[in-house]
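Novice: Just passing along the structure, written as structure tokens.
Numbering (this note's numbering), first residue to last: 16 to 88.
Given below as structure tokens:
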């Protein structure tokens, strides 16, 4: 069984760490927003935070090229 999800949202926080073997790891929080109408017909927004870990070259590229507020997918 294989599960796959695509998260498209904005970076909220970026943290850089190193693993025990010296590999760089970047931890991101990514916000996604769902818009819906409530029972009274008013537009509501719900923000969900996703936490993503990126290792090796991907982590290094995110550290260099991405900032808080950037759109990522």
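Backbone N, C-alpha and C define an ideal beta-carbon position, used for all residues, glycine too.
Only a predicted model underlies this, so the values are computations on that prediction, with no experimental measurement involved.
1) Is the beta carbon of residue 24 less than 8 Å from the beta carbon of residue 87?
2) If you run the structure through DSSP and keep just helix, strand and coil, what is residue 76?
3) Find out if the Cβ-Cβ distance for the pair residue 32, residue 42 is shorter than 8 Å.
4) Using a 10 Å radius around the Cβ and a threshold of 16 neighbouring Cβ atoms, would you call residue 56 buried or exposed?
5) Kindly give me the distance between the Cβ atoms of residue 69 and residue 40, rounded to whole angstroms, as I take these residues to be in contact under 8 Å.
Specialist: In short:
1) On the chain shown, residue 24 is found 9 positions in, with the first residue counted as 1. On the chain shown, residue 87 is found 72 positions in, with the first residue counted as 1. For residue 24 and residue 87, yes; Cβs fall inside 8 Å.
2) Within the chain shown, residue 76 is the residue found at index 61, counting from 1. Here residue 76 sits in helix by DSSP.
3) Residue numbering aside, residue 32 sits at position 17 when the chain shown is read from its first letter. Residue numbering aside, residue 42 sits at position 27 when the chain shown is read from its first letter. A contact, by the Cβ cut-off of 8 Å.
4) Locating residue 56 in the chain shown gives position 41, counting from the first residue. By the 10 Å Cβ count, residue 56 comes out exposed.
5) Locating residue 69 in the chain shown gives position 54, counting from the first residue. Locating residue 40 in the chain shown gives position 25, counting from the first residue. That belief holds up - the Cβ atoms of residue 69 and residue 40 are roughly 7 Å apart, short of 8 Å.
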